[in-house]
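> Take a look at the following structure, please.
There are 2 protein chains.
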Amino acid sequence: MAAKREKIPMRGFSQSLPMALLRAREAVMRRFRPGLRSRGVTEQQWRILRALAHSGPLEVTVLAESTFLLAPSLSRILPELEARGYISRRQLDSDLRRAVVSLEPRGLKLIAAHGPDSEGIYETIARSFGQERLDQLFKLLRELEETLVAETSNPAGRQQPGARPAARRRAAR
Amino acid sequence: MAAKREKIPMRGFSQSLPMALLRAREAVMRRFRPGLRSRGVTEQQWRILRALAHSGPLEVTVLAESTFLLAPSLSRILPELEARGYISRRQLDSDLRRAVVSLEPRGLKLIAAHGPDSEGIYETIARSFGQERLDQLFKLLRELEETLVAETSNPAGRQQPGARPAARRRAAR
DNA sequence: GGCAGATGCTTAACATCATAATTATCTCAT
DNA sequence: ATGAGATAATTATGATGTTAAGCATCTGCC
């Protein structure tokens with residue numbers, strides 16, 4: 001029989017932080033997604049191309065951090081981008097475990113073609129929402145992440161981009 | 001040959017709103033995920049159970065909106081939750097296209113068991129980050145979503161939870 | 001009464017997410 | 001010189017995300 005609705009001491013969904021962040025992100029991404037689709041790239045692929053355009057050639061682990069993509073995901077996305085001629089990869093001579101990813105002219109061309117569209121969407125969002133509130137939101141998001149990442153004290157922490165568990169980080173690179 | 005890094009008029013990643021939202025969400029979810037795993041439910045499954053505990057039995061389309069899950073995803077998740085005895089589903093007599101999802105005693109028990117843990121994590125986050133800043137963040141997130149959803153004027157809009165394209169909504173229900 | 005158009009939900013297909021395990025390679029202590 | 005322990009990237013697996021299409025059902029118009 002169906003359980004009736006009992007009073008459980010939990011906040012309502014309107015107070016769910018992960019949901020609020022997810023909803024806001026979805027509202028933003030809804031603006032970007034059609035343009036990316038028309039260019040034939042996924043959001044994740046675009047992030048990779050942007051990171052390389054912005055920072056120059058990157059090692060895979062650094063690219064994972066920059067793009068906030070998991071390493072297994074990168075291992076599947078990169079061959080596709082390479083096959084399409086957007087990027088190239090090569091192992092380091094000094095450490096064959098590591099590879100460097102570089103943007104190819106074709107990737108640069110796509111960045112040049114789509115970049116202005118993407119920026120235009122940001123400008124529209126800034127106009128609608130207000131640059132001041134946008135700046136405030138960025139600040140709070142950054143502070144929230146910093147607060148929570150600093151407090152993560154889980155040495156058995158999971159694989160994750162952007163913030164590796166301290167206990168597992170041995171030698172500096 | 002690898003393209004050299006050229007000056008492309010695009011903001012850096014630190015100014016990418018979707019990324020900032022994603023990073024913040026990941027930092028928050030990292031707190032909740034281990035507990036959910038130990039209970040043997042995924043984040044999405046938990047959202048469904050919470051929505052039903054909070055609102056009582058819901059139709060599938062309403063549940064999709066409440067949980068911010070896409071209908072195809074619900075169609076895959078619900079049978080699993082039903083097989084495990086957490087929920088039950090039944091068609092409406094008045095409209096065989098529609099189904100109502102209800103929490104079963106087993107689902108209620110899981111909510112009762114895990115709810116306090118989940119709330120405890122929220123309290124910890126509120127203590128670390130500050131309730132005032134948290135409230136401010138919620139407010140900005142809600143306003144951002146409202147601003148962007150209100151401005152969505154794409155009648156060919158994609159399937160999405162929470163904000164259907166107006167042009168496709170005909171008869172009120 | 002019949003049918004066009006719509007709705008609700010499901011399935012298909014392909015994407016990434018998330019975790020665990022594996023393989024190749026490197027470093028350091030013995 | 002060797003092996004333990006670590007790192008970098010890949011593969012495996014099962015999850016959801018996302019879009020498109022399909023099927024069953026309903027509604028309203030002619």
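Chains as they are written, first to last, in the numbering used here: chain F, 1 to 173; chain S, 1 to 173. Quick reminder that beta carbons are idealized off the backbone N, C-alpha and C, glycines included.
1) Taking buried to mean at least 16 other C-beta atoms within 10 Å of its own C-beta, is G120(F) buried or exposed?
2) Kindly indicate which three-state DSSP category R90(F) falls into: helix, strand or coil?
3) In angstroms with no decimal places, state the Cα-to-Cα distance between V60(S) and R76(F).
4) Using the beta-carbon count (16 or more within 10 Å), is R168(F) buried or exposed?
5) With DSSP as the reference, label R127(S) as helix, strand or coil.
6) How about L22(S) and R142(F): are their beta carbons less than 8 Å apart?
7) Kindly say whether A20(F), judged by its beta-carbon, lies nearer than 8 Å to any beta-carbon of chain S.
8) Locate the beta strand (DSSP E) running through L22(F), then write down its first and last residues.
9) I want to see whether chain F comes within less than 8 Å of R140(S), judged by CB atoms only; does it?
10) Does any C-beta atom of chain F lie closer than 8 Å to the C-beta of R89(S)?
11) Measure the Cβ-Cβ separation of L148(S) and A126(F) and say whether it is below 8 Å.
12) Going by C-alpha to C-alpha distance, which of R30(S), Q44(S), P57(S) sits closest to E80(S)?
13) Under three-state DSSP, which class holds L70(F)?
14) Using a beta-carbon distance cut-off of less than 9 Å, what residues from the stretch 121 to 141 of chain S approach chain F?
15) Quick check on the DSSP output: the beta strand (DSSP E) that includes L96(S) runs from which residue to which?
16) If you run the structure through DSSP and keep just helix, strand and coil, what is E104(S)?
17) Give me the Cα-Cα distance between R158(S) and L36(F), rounded to the nearest whole angstrom.
18) For the alpha helix (DSSP H) containing R47(F), list its first residue and its last residue.
19) With distance defined between alpha-carbon atoms, name the residue in A150(F), S16(F), S118(F) nearest to L17(S).
20) Give the single residue among D135(S), R133(S), R47(S), R31(S) whose Cα lies nearest to the Cα of S73(S).
21) How many Å lie between P116(F) and E123(F) at the Cα?
22) Could you tell me the distance, in whole angstroms, from the CA atom of L134(F) to the CA atom of A20(S)?
23) Is there a C-beta anywhere in chain F that falls below 8 Å from the one on R5(S)?
24) Nearest chain F C-beta to T42(S) closer than 8 Å, yes or no?
25) By Cβ distance, which residues of its chain are closer than 7 Å to S66(F), with the 5 residues on each side in sequence left out?
26) Thinking C-beta only, is L49(S) closer than 8 Å to I111(S)?
27) Pick out whichever of S94(S), D95(S), R89(S) has its Cα sitting closest to the Cα of L103(S).
28) Just the Cα atoms here: how many angstroms apart are R30(S) and S94(S)?
29) Answer with buried or exposed for E145(S), where buried requires no fewer than 16 other C-beta atoms within 10 angstroms of its C-beta.
30) How would you list, in chain order, the residues of chain F whose beta-carbon sits under 9 Å from the beta-carbon of E82(S)?
On the basis of the coordinates in this document:
1) exposed
2) In the structure shown, R90(F) falls within a strand segment according to DSSP collapsed to helix, strand and coil.
3) 34 Å
4) Legend: pLDDT at R168(F) = 24, less than 50; position of this residue unreliable, value from coordinates given subsequently. Result: exposed.
5) helix
6) no
7) yes
8) Note, L22(F): premise wrong, no beta strand (DSSP E); alpha helix (DSSP H) at 17 to 39.
9) One detail in the question is off: residue 140(S) reads as Leu in this sequence, not Arg. At least one CB of chain F lies nearer than 8 Å to the CB of L140(S).
10) no
11) no
12) Q44(S)
13) coil
14) Y122, T124, I125, S128, F129, G130, R133, L134, Q136, L137, F138, L140, L141
15) Per DSSP, L96(S) belongs to no beta strand (DSSP E) and is neither H nor E.
16) coil
17) Its pLDDT being 38, under 50, R158(S) is placed unreliably in this model, and the value from its coordinates should be taken loosely. R158(S) and L36(F): Cα-Cα distance of roughly 14 Å.
18) 43 to 55
19) S118(F)
20) R47(S)
21) 10 Å
22) If you take the alpha carbons of L134(F) and A20(S), they lie about 11 Å apart.
23) Note on R5(S): pLDDT 41, under 50, position unreliable in the model; no value is reported.
24) For T42(S), the answer is no, since every Cβ of chain F falls outside 8 Å of its Cβ.
25) A51, S55, L58
26) yes
27) R89(S)
28) Here the alpha carbon of R30(S) sits roughly 43 Å from the alpha carbon of S94(S).
29) buried
30) In chain order: nothing, as chain F lies at least about 12 Å away.
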